[in-house]
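Colleague:
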Amino acid sequence: MNHPNPYSGGCACGSIRYNISDEPIFMNDCQCRDCQRMSGTGHGSYLTFPSRTTVTLTGEAAHFNMVGDSGSIKTSGFCSKCGSPVYMTFSGMPELFTVHAASLDDPNRFKSQVVTYAMRGYTWDHLDPSLPKFEKMPPTS
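Numbering (full-length UniProt numbering), first residue to last: 1 to 141.
1) Assuming the contact rule is C-beta atoms closer than 8 Å, S51 and D22 should be a hit. Round their C-beta distance to whole Å, please.
2) If you follow the beta strand (DSSP E) that R17 is in, where does it begin and where does it stop?
3) Can you tell me whether D29 is helix, strand or coil according to DSSP?
4) Please state whether DSSP places T41 in a helix, a strand or coil.
5) Which residue wins for smallest C-alpha separation from I20, given the options P138, Y87, S80?
6) So K74 packs on F90, CB below 8 Å; how close in whole Å?
7) DSSP beta-bridge partners for T54?
8) Confirm, please, whether the CB-CB distance from R17 to G83 is below 8 Å.
9) At the level of alpha carbons, what is the spacing between residue 142 and S8?
10) Here's a check: name, in chain order, each residue in its chain whose Cβ is nearer than 8 Å to the Cβ of E135, leaving out the five neighbours to either side.
11) Run through the DSSP bridge pairs and tell me what C79 is partnered with.
12) For V67, I'd like the list of residues in its chain whose CB is within less than 8 Å of its CB, leaving aside the five on either flank, ordered along the chain.
13) Give the straight-line distance between the Cα atoms of R37 and S103, rounded to the nearest whole angstrom.
14) Per DSSP, H100 is paired with what?
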């Protein structure tokens with residue numbers, strides 16, 4: 001099924017591209033240390049999609065694994081040429097596909113719903129004060 005307005009994006013040099021024919025189920029700013037280190041700033045901003053089957057991915061991503069607070073493995077896909085982080089997958093929720101908001105062709109499509117891992121946030125990292133904040137991850141139900 002073709003989505004009328006797919007989400008598309010990729011890395012800075014264009015070697016990795018994605019097209020997602022679905023709507024995100026979650027959009028968040030995450031202040032965990034892994035996201036801070038990957039972004040080089042105080043948080044990462046993400047769109048999470050419900051199914052990898054709606055994702056068309058081209059190009060060869062390099063990967064590295066991190067162990068999240070839950071003990072689950074988070075795999076980061078990034079470009080080995082330009083170093084841009086592009087997407088993440090999660091061993092505990094293998095159907096999900098998460099992209100970095102700034103990797104979108106139109107980053108204005110990102111509308112954060114919550115701040116996660118606010119317990120790791122810094123006073124200099126100014127996020128929208130009206131967003132709900134969770135010390136860790138919000139409950140899934």
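The beta carbon of each residue, even a glycine, is placed where N, CA and C say it ideally should be.
Modeller: In this structure, then:
1) Between D22 and S51 the Cβ distance is about 6 Å, and since that is below 8 Å, they are a contact.
2) The continuous beta strand (DSSP E) containing R17 extends over residues 17-20.
3) DSSP places D29 in strand when its eight states are reduced to three.
4) Three-state result, T41: coil.
5) When each option's Cα is compared against that of I20, the closest is Y87.
6) Indeed they touch by this definition, with Cβ atoms about 6 Å apart.
7) BP columns for T54 are empty, so no partner.
8) No, Cβ-Cβ distance for G83 and R17 is not below 8 Å.
9) With the chain running from 1 to 141 in the structure shown, residue 142 is simply not present.
10) Cβ-Cβ distances below 8 Å link E135 to Y117, A118, M119 in the same chain, with the five nearest sequence neighbours on each side left out; the list follows chain order.
11) C79 pairs with A61.
12) Cβ contact annotation for V67 (same chain, cutoff 8 Å, sequence separation greater than five): I73, K74, in chain order.
13) R37 and S103: Cα-Cα distance of roughly 17 Å.
14) Bridge partners of H100 according to DSSP: Y46.
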